[in-house]
Each structure stands twice: as C-alpha cells, then as structure tokens.
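In UniProt numbering, the protein residues as written are 1 to 100. Glycine included, each C-beta is placed from N, C-alpha and C at the ideal position. No experiment lies behind these values; they were computed from the predicted model shown.
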C-alpha cells in the first residue's frame, strides 16, 4: 500500500528525484480504499492510509507533499523528499511525460 500511495503522490509533488509513478484516477483511489478496508486492520498505518486516500478521493491534494513525505519516511527515504506541490502546469507536464 505504501508504494501505491507513494507513486500516486508523485503526480502532485515537487521532489528532486522520483522513482515510480501511477496516474491518479478516481477508480484507482477507490480501489485502494477498498483494499485497505478489506484487510481489517492488518496494515500498521491503516488510519493514515485511509485519511490520505479519502482526502484524495475528495480531490483534496493540499497536503500531498506532507503525505508523500510521511510514506517516504516510512520507507527509509534519503533522496527525493517532497519540497512542495506542483503547479497545475507542472502537473500537466508530468502527466504528459509519464502517462500519455
């Protein structure tokens, strides 16, 4: 679950280095919520995952940099810390580069 959230966040955040990406879609976010809920508290950070994913489901990416860094730190991140949010133009360039 950490990898999926991490990769999704790359569409929204500024970072010097990014490894992995998944395009943000409503269907993908809803599916990840279903997976977390179906695992009946088997994820150590389930509440945080649901908080992040439900915000994103509601199109609230205002904390995506902080959410990225939460996951990044859990994964022992040393390079690629998010330093802010992408502008709309930067996000569109990221989408074009990686998903079109």
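At least 3 beta-carbon pairs within less than 8 Å: the region 67-87 vs the region 7-16:
yes
Does DSSP put residue 32 in a helix, in a strand, or in coil?
As a working mapping, residue 32 is identified with position 32 in the chain shown. It is helical.
Contact set for residue 79: own chain, Cβ-Cβ below 8 Å, skip 5 residues either direction:
Your numbering for residue 79 matches position 79 in the chain shown. Result list for residue 79: 16 and 17, in chain order.
For residue 49 versus residue 95, is the C-beta spacing smaller than 9 Å?
Start at 1 with the first residue of the chain shown, and residue 49 comes out as number 49. Start at 1 with the first residue of the chain shown, and residue 95 comes out as number 95. No; because the gap between Cβ atoms is not below 9 Å, this pair is not in contact.
For residue 19, does the count of other Cβ atoms within 10 angstroms reach 16, so buried, or fall short, so exposed?
As a position in the chain shown, residue 19 is number 19, starting the count at 1. By the 10 Å Cβ count, residue 19 comes out exposed.
Based on DSSP bridge pairs, tell me the residues matched to residue 15.
To locate residue 15, count along the chain shown from 1; it is residue 15. According to DSSP, which records beta bridges pairwise, residue 15 is partnered with 82.
Nearest by alpha-carbon distance to residue 30: which of 100, 88 and 55 is it?
Translated into the one-based positions of the chain shown, residue 30 becomes position 30. Nearest of 100, 88 and 55 to residue 30, Cα basis: 55.
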